[in-house]
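Numbering (UniProt numbering), first residue to last: 1 to 133.
Right, here's the structure in full:
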């Protein structure tokens, strides 16, 4: 089983906690960092961490650098890192906008925190398909 290196960017602390717990429980992801916005993520990346994530899971709507900023910046500065965008919006145009900006994919967040198990499974399947396992 492939274990993917992951960084999570989510400004809502509760959401980030439940998301992180679900990823840890799956055993399919190693969380390298959790960040409240894109500024924190890029500061960390530019600080040259020991390991880079294979995937950055990023919320779209955040203060400071938002998810769209992260997609554009990582596409140029870190093209080997796949950005998966996430939001509570499941509108098709949101997904299309993320993909056209350079995101690897888009996954809608679950309506309730306890539904993150299925969200994690979906992300793992996407990662296996798109990044190889």
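Where is the CB? At the ideal position from N, CA and C, for every residue including glycine.
Annotation: residue 21 is outside any beta strand (DSSP E); the continuous alpha helix (DSSP H) that includes it extends over 13-26. Judged by beta-carbon spacing, residue 5 lies beyond the 7 Å limit of residue 40, meaning their Cβ atoms are not closer than that value. Between residue 7 and residue 116, the beta carbon gap of about 17 Å keeps them out of contact (Cβ cut-off 8 Å). Here the alpha carbons of residue 101 and residue 59 stand approximately 14 Å from one another. In this structure the segment 74-91 touches the segment 46-53; the number of beta carbon pairs closer than 8 Å is three or more. 113 is the residue among 122, 113 and 125 whose C-alpha sits nearest the C-alpha of residue 13.
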